[in-house]
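Chemist:
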Amino acid sequence: MINVGVKAPDFIAPAVVGGTATELELFRLVDRHEAVVCCFAPANFVPTCTAAFAAVRDAGWHDRDDLAVVGLTGDSLYAGFAYADRFDLPFPIVSDFHGGVAESYDLLADSWEGHSDIPRRAVVAIDGDWNVRFAEATTDALDRPAPSPVQNATATLREIGVDADRPRVNYDGPW
């Protein structure tokens with residue numbers, strides 16, 4: 005897994021943004037925000053990952069001037085359309101179908117549920133200077149750590165200057 009304190013790798017990848025296919029350019033998000041949170045998941049529709057994405061959605065992290073959120077999954081762009089629509093995910097869902105972004109963050113799963121070259125479940129927070137300020141991954145995408153990686157990232161976001169507790173991430177379901 006990528007280490008805290010290193011420079012975050014940049015990427016350009018296909019994404020679903022607001023119901024439209026586009027190329028997401030990380031450098032644009034880093035340039036415009038105090039922090040960017042990348043939430044990695046091996047696939048769309050994984051219950052624990054979906055719960056974390058929904059918690060981020062419900063917390064309003066996507067609707068801020070100082071913070072950007074990106075979901076990255078190992079599924080196709082087309083699956084991303086269905087996923088974003090089904091769960092009303094208002095932040096970009098990147099298709100890391102062949103695991104290139106996950107590999108650059110050292111988050112590529114050896115295998116998961118018979119699939120390879122897909123992201124591990126993780127949360128990475130990047131500050132405006134491209135420094136990785138937080139990185140946490142679970143052993144298995146179905147693990148339910150308490151507190152969750154998303155919850156653990158809020159303290160780091162506060163250190164960066166983003167009050168991620170307002171609105172607060174509040175989810176009592178499976179992470």
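Mapping to the working numbering: the sequence shown position 107 is 111, numbers consecutive.
For glycine and all other residues, C-beta sits at the position ideal for the given N, C-alpha and C.
1) If you reduce the DSSP assignment to three classes, tell me which class I97 lands in.
2) Can you tell me which of the three DSSP states R182 falls into?
3) When the distance is taken between beta carbons, is D121 closer than 8 angstroms to L112?
4) Assuming R137 and D92 make a contact with CB atoms under 8 angstroms, what is their CB distance in whole Å?
5) Which of helix, strand or coil does DSSP assign to D62?
6) Once DSSP output is grouped into helix, strand and coil, what is the label at P18?
7) Is it right to say V4 is buried, meaning 16 or more other beta carbons lie within 10 angstroms of its own, or is it exposed?
8) Could you tell me the boundaries of the beta strand (DSSP E) in which F44 lies?
9) Just curious, the beta strand (DSSP E) that I130 is in, first and last residue?
10) Measure from the alpha carbon of V50 to the alpha carbon of each residue in D35, H66, D69, G75, then state which is nearest.
11) For D100, is the classification buried or exposed, using 16 other Cβ atoms within 10 angstroms of its Cβ as the cut-off for buried?
12) V154 lies in the alpha helix (DSSP H); which residues open and close that run?
13) For R36, report the span of its alpha helix (DSSP H) as first-last.
14) What number of angstroms, rounded off, separates the C-alpha of V166 from the C-alpha of F57?
15) For I122, list the residues DSSP reports as bridge partners.
16) Contact check, A45 vs R125 under 8 angstroms by CB: the rounded distance?
17) In the DSSP output, which residue or residues are listed as bridge partners for N135?
Modeler: Based on what the coordinates show:
1) strand
2) The first residue shown for the chain is 5 and the last is 179, placing residue 182 beyond what the model contains.
3) yes
4) No, R137 and D92 are not in contact; Cβ-Cβ is about 28 angstroms, not under 8 angstroms.
5) helix
6) strand
7) Examination of residue 4 is not possible in this model, given that the chain is present from 5 through 179 alone.
8) 39-45
9) 126-131
10) G75
11) buried
12) 153-164
13) 30-36
14) 19 angstroms
15) A113
16) 6 angstroms
17) K11
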